[in-house]
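Participant:
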Amino acid sequence: MKQVAGKLKLELAQFAESIPISIQEDNGSIEGIIHYNMEFVNNWLQSVGANINTSNLIPPIAIAKNMWVDEEVRNQGLGTDLINNFIGEASDMGAKCILLEADMGEDNAFNLVNWYSSFGFKTIGNGNQYPIMKMDLW
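Residue numbers (the numbering used here): 146 to 283.
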């Protein structure tokens with residue numbers, strides 16, 4: 146069923162400029178959006194204060210935003226499940242890469258940049274406050 150839903154979203158994408166991704170669990174979630182128009186990607190980068198050359202980025206591009214896991218269930222693998230599901234959904238929908246801001250504003254017991262790197266994300270620049278990371282999907 147998931148593969149059918151991904152194909153339907155991919156077919157609908159040709160008529161849209163952006164499609165949301167939302168993965169919800171009882172104690173956490175991750176939300177993002179797939180952009181088919183570079184103007185939206187550039188606007189997001191500008192909004193986080195990132196001066197990154199986007200000439201080598203090819204849409205569609207997923208942007209992961211608003212990931213959270215309840216404190217009482219952290220370090221039990223839910224964050225890993227959420228990011229893996231987001232990567233899978235973005236890939237199924239045809240995204241060429243995923244961008245995210247490694248928001249380290251919260252006091253985490255681990256290095257968030259290293260954690261994202263363990264999934265294949267690489268730091269490509271900095272925003273106003275936090276690193277901007279990218280994962281190629283193709």
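Here a beta-carbon is modelled for each residue, glycine too, at the ideal position from N, C-alpha and C.
(1) State yes or no: is the C-beta of PHE185 within less than 8 Å of the C-beta of ALA209?
(2) Who does TRP213 pair with in a DSSP beta bridge?
(3) ILE232 lies in the alpha helix (DSSP H); which residues open and close that run?
(4) What are the partner residues of SER167, as DSSP defines its beta bridges?
(5) Could you say which of LEU245, THR199, ALA254, GLU162 lies nearest to GLU217 if we only look at CA atoms?
(6) Leaving out five residues before and five after VAL214 in sequence, what residues of the same chain have Cβ atoms less than 8 Å from its Cβ?
(7) Spatial neighbours of VAL193 within its chain, please: C-beta separation below 6 Å, excluding the five flanking residues on both sides.
(8) Taking 7 Å as the limit between beta carbons, can you name the residues of its chain near ASP248, skipping five residues before and five after?
(9) For CYS241, which of SER167, GLU170, GLU176, ASN182 has the nearest alpha-carbon?
(10) From the DSSP output, in three-state form, read off LEU244 for me.
Facilitator: Here's the rundown:
(1) As a first step, residue 185 must be located in the sequence shown, where it is residue number 40. As a first step, residue 209 must be located in the sequence shown, where it is residue number 64. No, they are not a contact pair.
(2) For this step, residue 213 is matched to residue 68 along the sequence shown. TRP213 is bridged to SER174.
(3) In the sequence shown, the residue the question calls residue 232 occupies position 87. For ILE232, the enclosing alpha helix (DSSP H) stretches over residues 223-237.
(4) As a position in the sequence shown, residue 167 is number 22, starting the count at 1. Residue pairing by DSSP places SER167 opposite GLU176 in a beta bridge.
(5) As a first step, residue 217 must be located in the sequence shown, where it is residue number 72. Checking every option, the nearest Cα to that of GLU217 belongs to ALA254.
(6) Start at 1 with the first residue of the sequence shown, and residue 214 comes out as number 69. Answer for VAL214: ASN172, GLY173, LEU223, GLY224, LEU227, listed in chain order.
(7) Position 48 of the sequence shown, counting from 1, holds the residue named residue 193. Here the set comprises GLU246, GLY272.
(8) Counted from its first residue, the sequence shown places residue 248 at position 103. Close CB contacts of ASP248 within its chain, under the 7 Å cut and outside five residues either way in sequence, are with TYR275 (chain order).
(9) Along the sequence shown, read from residue 1 onward, the residue named residue 241 stands at position 96. It should be pointed out that residue 241 corresponds to Lys in this sequence rather than to Cys. Ranked by Cα distance from LYS241, the options SER167, GLU170, GLU176, ASN182 are led by ASN182.
(10) Mapped onto the sequence shown, residue 244 falls at position 99. Note: LEU244 maps to strand in three-state DSSP.
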